[in-house]
Amino acid sequence: MSDIASPEEAARLRLRKALQRAPLFADLDAASMAAVERELALLVLPGGAPLFHQGEAADAVYLVASGCLGVFRHEEEVLDEPILIAEITPGNIVGEMSLLSDGERTRSVAALRDSEVWRLARSSFDALTAAHPEVLPALMRYVAARNASVPGKRRRQPRTFAILPAGPDVPAARFAVLLAGALGRIGNQVQMLGSDSGDREPEWFARCEMESSFVLYRADPTLTPWTALCLRQADCLVVVRNADTDRPTKVLFEIETARAGAVFHRRRELVLLHEARDPAAGTTAAQLAGGLYGQHHHIRLDLHADIDRLARLLTGHAVGVVMAGGGARAFTHIGVVKALRTSGVPVDLVGGTSMGAIVAAGVAARWSDAELNERFRQAFVDVNPLSDYTIPAVSLFAGRRVRGLLRAAFGEQDIEDLALPFFCVTANLTTSSADVHTVGRLWRWLRASVSIPGVLPPFNEAGEVHVDGGVIDNFPVRTMRRLGRGVTIGVDIDTGGALAAGAGVVEPWSAWEFFRRLLWRRKETLPIPSIVRILLRSALVASTARALEDRAAADLLITPPMNHMDLLDWTSFDAAVEVGYRTTMQALEKAHASPSGARLFVA
36 MSDIASPEEA
46 ARLRLRKALQ
56 RAPLFADLDA
66 ASMAAVEREL
76 ALLVLPGGAP
86 LFHQGEAADA
96 VYLVASGCLG
106 VFRHEEEVLD
116 EPILIAEITP
126 GNIVGEMSLL
136 SDGERTRSVA
146 ALRDSEVWRL
156 ARSSFDALTA
166 AHPEVLPALM
176 RYVAARNASV
186 PGKRRRQPRT
196 FAILPAGPDV
206 PAARFAVLLA
216 GALGRIGNQV
226 QMLGSDSGDR
236 EPEWFARCEM
246 ESSFVLYRAD
256 PTLTPWTALC
266 LRQADCLVVV
276 RNADTDRPTK
286 VLFEIETARA
296 GAVFHRRREL
306 VLLHEARDPA
316 AGTTAAQLAG
326 GLYGQHHHIR
336 LDLHADIDRL
346 ARLLTGHAVG
356 VVMAGGGARA
366 FTHIGVVKAL
376 RTSGVPVDLV
386 GGTSMGAIVA
396 AGVAARWSDA
406 ELNERFRQAF
416 VDVNPLSDYT
426 IPAVSLFAGR
436 RVRGLLRAAF
446 GEQDIEDLAL
456 PFFCVTANLT
466 TSSADVHTVG
476 RLWRWLRASV
486 SIPGVLPPFN
496 EAGEVHVDGG
506 VIDNFPVRTM
516 RRLGRGVTIG
526 VDIDTGGALA
536 AGAGVVEPWS
546 AWEFFRRLLW
556 RRKETLPIPS
566 IVRILLRSAL
576 VASTARALED
586 RAAADLLITP
596 PMNHMDLLDW
606 TSFDAAVEVG
616 YRTTMQALEK
626 AHASPSGARL
636 FVA
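In the numbering used here, the protein residues as written are 36 to 638.
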């Protein structure tokens with residue numbers, strides 16, 4: 036007689052282990068336990084399959100014997116993915132609350148992994164609780180404890196990753212080894228599984244996850260049974276492509292997008308591998324498969340910093356920097372970036388508004404400290420960007436000089452081509468909303484983001500009118516936080532003190548008073564602000580209250596003292612950079628000394 040258990044016997048053994056741990060059954064005697072076992076029906080759920088949906092009638096309670104289920108909350112204002120609020124591991128039950136309240140399912144539940152689930156029908160549940168009323172107190176304590184531990188809206192970060200090569204020539208093995216090393220610098224232990232693990236039981240995969248911080252599943256380049264298992268087991272699907280040689284094609288892993296009745300879809304990320312250079316302008320958009328991927332990553336295998344950045348972005352340990360607008364005061368962001376780099380704090384993704392967006396784009400383009408200084412000095416200090424006056428039918432300036440400076444700096448790059456993830460914000464006057472831009476020609480959206488109403492012409496795209504993002508959201512910290520990639524460092528610029536009038540100025544000046552002042556007292560500072568300053572300050576006033584709320588949302592807030600600098604004083608470049616550097620070093624030193632600040636320093 037063989038000592039090897041049959042699949043049915045192995046499943047029954049896992050069931051008995053789960054019954055002994057489950058709060059609903061753990062206190063039953065042997066005879067009652069055997070009776071319950073006879074009432075249970077086995078359901079084998081492949082990873083991603085739904086167990087039940089929100090709103091369905093509650094007709095059973097379920098016991099997890101192997102694998103893992105996820106409980107999802109649906110919210111009307113969230114249009115993309117439902118929020119994962121709990122995980123149901125072996126030995127735990129799900130669906131009991133709806134039975135106890137005799138109502139509909141209030142949450143959706145689906146298999147996060149290949150799972151074995153045993154179903155106890157409502158009639159059997161009612162008979163069990165009637166015959167053994169002592170199980171109800173234990174059940175209620177279990178329900179109360181689980182509800183108390185339900186997390187908020189913070190996104191659950193993936194721990195298991197399927198590496199999916201988009202073709203046979205992709206160096207997937209080398210990439211996986213490098214990524215495993217980078218993940219190991221974040222977590223304690225990383226396991227990498229290949230096709231030789233394909234015949235393992237679900238229980239074995241669950242044990243691998245329990246023993247490791249992260250698990251990498253190396254899939255085949257075609258849709259083999261092992262690849263299908265990787266798709267079902269992973270929290271995150273990482274498609275890897277040779278960006279410089281492969282033709283942009285639809286990836287074969289469309290199984291993940293076409294599944295009917297799915298409660299959730301796994302996060303999908305695209306890794307574009309480059310050989311010793313960053314992507315050429317305009318080459319990325321065609322490879323993004325029309326929004327199939329949550330984010331794409333440009334990776335050079337010869338740069339360990341790229342692999343480390345990818346690991347942080349995949350696991351929610353990244354550092355995002357948000358840069359507010361503020362005219363010439365925004366040069367302070369250059370000093371902030373210099374200080375972060377000097378201190379070893381990684382900058383993994385960036386975003387901003389107005390002038391803050393332009394500096395952020397330079398960081399996303401991988402400009403060095405020297406390049407940031409040189410390029411911005413040439414563009415804004417050596418040449419005044421606001422000097423091409425025009426007939427003020429739409430604006431005071433034609434905007435040709437700003438457009439030329441941006442095109443010269445960024446060429447025909449798309450936002451998608453930038454080495455680091457990036458976004459900028461514009462105010463859409465057509466829809467009365469703040470628009471976040473992550474795709475499209477970079478210089479065009481930067482030009483839109485600095486289109487101060489009345490100062491520069493508005494930017495028109497597809498019939499919609501865009502102006503400076505500071506009109507609605509000058510400090511888009513919450514946009515960065517919604518990405519859910521880790522720590523958010525916010526650099527806000529106080530635009531207070533930007534306007535003042537002489538104490539004796541009561542009424543507006545006439546044209547003759549202006550002429551007389553400019554002719555005979557031209558060396559003195561005018562006691563009233565210019566129209567450009569008035570328009571610039573007016574554009575930022577509306578978002579001031581929102582910026583105060585955004586400050587509270589930043590994990591680390593940096594506010595360089597800038598009130599002594601004029602919003603249009605481009606010659607204050609060096610002073611602004613120095614203030615940003617000094618303030619950031621002080622903020623980092625303070626954060627480093629606090630226990631909660633330690634996570635900022637994951638190199």
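Beta carbons: idealized from backbone N, C-alpha and C, even for Gly.
Fill in: Three-state class that DSSP yields for Tyr328 in the structure shown
coil
Fill in: Beta-carbon spacing of Ala93, Ser133 below 8 Å
yes
Fill in: Whole-angstrom distance between Val298 and Asp62, CA atom to CA atom
34 Å
Discussion item. Less than 6 Å between C-beta atoms, sequence neighbours within five positions excluded: which residues of the same chain meet that for Ala535?
Written reply: Bear in mind that a pLDDT of 44 at Ala535, under 50, signals an unreliable position, so the number given afterwards is only what the model happens to contain. For Ala535, where only same-chain residues beyond five positions count, there are no Cβ hits under 6 Å.
Worksheet entry | Ile393 beta carbon less than 8 Å from that of Leu481 | yes
Worksheet item: Which whole-angstrom value is the C-beta distance of Val526 and Val354, which I expect to be below 8 Å?
Response: Incorrect: roughly 12 Å between the Cβ atoms, too far for contact.
Practice prompt. Figure out for me which residue from His599, Met620, Asp604 has the closest Cα to the Cα of Leu592.
Written response: Met620
Item to complete: Along the beta strand (DSSP E) that carries Gln226, what are the first and last residues, could you check?
Response: 225-228
Worksheet item: Below 8 Å between beta carbons: does that hold for Asn495 and Ser389?
Response: no
Worksheet item: Which residues bound the beta strand (DSSP E) around Val152?
Response: 150-156
Fill in: Buried/exposed call for Pro168, threshold 16 Cβ in 10 Å
exposed
Practice prompt. Figure out for me which residue from Thr195, Leu135, Ala208, Ala146 has the closest Cα to the Cα of Met175.
Written response: Leu135
Fill in: Per-residue burial, Phe550 [other beta carbons within 10 Å of its own, 16 or more giving buried]
Confidence at Phe550 is low in this model, with a pLDDT of 49, below 50, so its placement is unreliable and the value that follows should be read with caution. Phe550 is exposed by the Cβ-count criterion.
Worksheet item: What are the residues that DSSP puts in a beta bridge with Met68?
Response: According to DSSP, Met68 bridges with nothing at all.
Fill in: Assigned secondary structure, Arg127 (DSSP; H/G/I helix, E/B strand, else coil)
The question names Arg, yet the displayed sequence has Asn at residue 127. Three-state DSSP puts Asn127 in coil, outside helix and strand.
Item to complete: Using 10 angstroms around the beta-carbon of Leu48, count the other beta-carbons present and answer buried if the total reaches 16, otherwise exposed.
Response: exposed
Practice prompt. Take Gly202 as the anchor and find which of Leu218, Arg148, Arg276 has the nearest alpha-carbon.
Written response: Arg276
Worksheet entry | Where Ile507 falls: helix, strand or coil (DSSP) | coil
Worksheet entry | Pro260 vs Gly233 beta-carbon contact at 8 Å | yes
Practice prompt. May I have the straight-line CA-CA distance separating Gly362 from Pro200, to the nearest angstrom?
Written response: 45 Å
Worksheet entry | Phe107 beta carbon less than 8 Å from that of Leu119 | yes
Fill in: Residues of its chain near Arg438, where Cβ-Cβ distance is below 8 Å and the 5 sequence neighbours each way are ignored
Trp478, Arg482
Worksheet item: Relative to the C-alpha of Asp137, which residue among Arg154, Phe160, Leu86, Pro193 is closest?
Response: Phe160
Worksheet entry | Span separating the alpha-carbon of Leu80 from that of Ala45 | 16 Å
Item to complete: Tell me, to the nearest whole angstrom, how far the beta carbon of Gly475 is from that of Ile450; I am working on the premise that it is less than 8 Å.
Response: 6 Å
Worksheet item: With a CB to CB cut of under 6 Å and the five nearest residues on each side skipped, what residues in its chain are close to Ala311?
Response: Asp337
Item to complete: Report the three-state DSSP secondary structure of His109 (helix, strand or coil).
Response: coil
Worksheet item: Which residues in the same chain have their Cβ closer than 6 Å to the Cβ of Trp605, if we skip the five residues on either side of it in sequence?
Response: Ala363, Phe415, Val416
Worksheet item: Between Pro256 and Ser230, what straight-line distance do the alpha-carbon atoms span, to the nearest angstrom?
Response: 11 Å
Discussion item. Using DSSP's beta-bridge definition, name the partner residues of Ile118.
Written reply: Arg108
Worksheet item: So, using beta-carbon positions, are Leu307 and His339 closer together than 8 Å?
Response: no
Item to complete: Quick one: grab the DSSP three-state call for Ser248.
Response: coil
Worksheet item: Which of the three DSSP states, helix, strand or coil, is assigned to Gly370?
Response: helix
Worksheet item: How about Arg344: is its C-beta nearer than 8 Å to some C-beta of chain B?
Response: Checking the listed chains, one finds no chain B in this structure; it contains a single protein chain.
Worksheet entry | Nearest residue (CA-CA) to Ala197, options Val512, Gly126, Glu122, Gly82 | Gly82
Worksheet item: Would the beta-carbon of Gly521 fall within 8 Å of that of Gly351?
Response: yes
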